[in-house]
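The block underneath contains the structure these notes are about, expressed in structure tokens.
Numbering (UniProt numbering), first residue to last: 1 to 436.
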């Protein structure tokens, strides 16, 4: 689709990628005809946005409201955080109906569409969005481009994920020798503008970078800036770590660190991710200049002189992502590591890929019936039961406790739509103030 999209909307415009994208769009030459920020609620401080930007609010749960907000828009750029990845789907559905021609979904990381990432929990929601886009594109209703960038070098990169420069902490993944494609948010923003200007026409994905660099080399360059003494260096075996993470996902107690252990493995192990080859790299076509190691040193030095926002963002982001990780659903069949972002999708997979024999169903029904009967027995019956009954009583007690725990957790997490939107609005405004 070799064309420039004159009317652009940004979803997630106050985020660490969304805000640089918005500023790059607003300063583009020639300028875009219109730039719209789509948000759930009016921002508390709209002055943070460039004056040429129009702000539209929409109820993301209302299809008609979204269609109205998106009518007249040529392209949408998504820059939502990981916990909100699936919120793109209703907006995409409305965009198709509103006549939007093109979208850039939230990616901005490792190439999550690769087959080797199919069972990586961190990419389940992104892969669900990718799958959702197949049919409308085949029907000629909308087109898209995924933007893969490897890992960010700024924001979370220098603030604790790749390396914590200011606190002199380094976790080396599998020795830290494997080169990784690293990209700054400013370069991501420039590439997005280039895509909307038609510089990646016909491509459903692009791969960009500022530089290919190993963790160990980034550590050495950082030490040149802040000194070689006083560093705390730890080592992570990503294979062992992801095994632990998979089990925690199965047990339902996964954390953000479990979630991101898959990103670390994807970046650290050859065969999963980059560095991009010359044939794969679209950086030059999108107007990006390749960095040298001297550029990296200057970037680290400049980042060290900024207020320390990166680590605070990472800490806040990990807290939010922990709640998101707990919402992933792991196939319970032994030996299967597939993960789904929705419970119904997980259930359909289990029924299709691992159907239970009829005898197993019969046995299960009998066990459920026995548990139900057991609940009706009084304390006297339980005390006089044999060892088999005691085991069954323990099962009933454990089940009841688990149900009570789940019910309590559900009550804790239940918020009204208004409360959710208010909280999201507060976080977006806080993040915007940090970036302003």
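We treat Cβ as the ideally placed atom computed from N, Cα and C, and that holds for glycine.
- prompt: Taking the C-alpha atoms as reference points, what is the distance between residue 301 and residue 156?
  reply: 16 Å
- prompt: Start and end of the beta strand (DSSP E) containing residue 450?
  reply: Any question about residue 450 goes unanswered here, given that the chain covers just 1 to 436.
message: Suppose the cutoff is 8 Å on Cβ atoms and the five residues either side in sequence are ignored; what does the same chain contact list for residue 286 look like?
response: 190, 191, 194, 195, 199, 200, 206 and 208
query: Using 8 Å as the Cβ pair cut-off and three pairs as the minimum, do the region 138-155 and the region 229-238 touch?
result: no
message: Please give the ranges of any alpha helix (DSSP H) in the region 246-292, keeping only runs that are unbroken, at least 4 residues long and fully inside the region.
response: 256-268
query: Whose CA, out of 242, 284 and 255, lies closest to the CA of residue 268?
result: 242
message: Quick check on DSSP: helix, strand or coil for residue 49?
response: coil
- request: Kindly indicate which residue of 304, 47 and 277 has the alpha-carbon position closest to the one of residue 224.
  value: 304
task: From the DSSP output, read off the bridge partner residues of residue 144.
output: 103
field: Separation of residue 82 from residue 258, as counted between CA atoms
entry: 14 Å
task: Would you give the residue range spanned by the alpha helix (DSSP H) that residue 192 belongs to?
output: 185-196
query: Can you tell me whether DSSP reads residue 207 as helix, strand or coil?
result: strand
query: What whole-angstrom Cβ distance do residue 37 and residue 22 have, given they're in contact under 8 Å?
result: 7 Å
message: Measuring only the C-alpha atoms, how far is residue 218 from residue 65?
response: 47 Å
query: For the candidate residues 288, 210 and 295, whose alpha-carbon lies nearest to that of residue 221?
result: 295
- prompt: How about residue 129 and residue 90: do their beta carbons lie closer than 7 Å?
  reply: no
Per DSSP, cross-strand counterpart(s) of residue 11: 38 and 78
Inter-residue spacing [alpha-carbon to alpha-carbon] between residue 86 and residue 150: 21 Å
query: Where residue 177 and residue 113 are concerned, what is the direct C-alpha to C-alpha distance, given to the nearest angstrom?
result: 25 Å
- prompt: Considering only residues of the same chain and omitting the five flanking positions on each side of residue 297, which have a CB-CB separation below 8 Å?
  reply: 221, 224 and 225
query: Does DSSP put residue 83 in a helix, in a strand, or in coil?
result: helix
query: First and last residue of the alpha helix (DSSP H) that includes residue 118?
result: Looking at the DSSP string, residue 118 is not in any alpha helix (DSSP H), and its letter there is neither H nor E.
message: One question on the structure: do residue 231 and residue 168 come within less than 7 Å of each other, judged by their Cβ atoms?
response: yes
- request: Use the C-beta contact count for residue 256: other C-beta atoms within 10 angstroms, 16 or more gives buried, fewer gives exposed.
  value: buried
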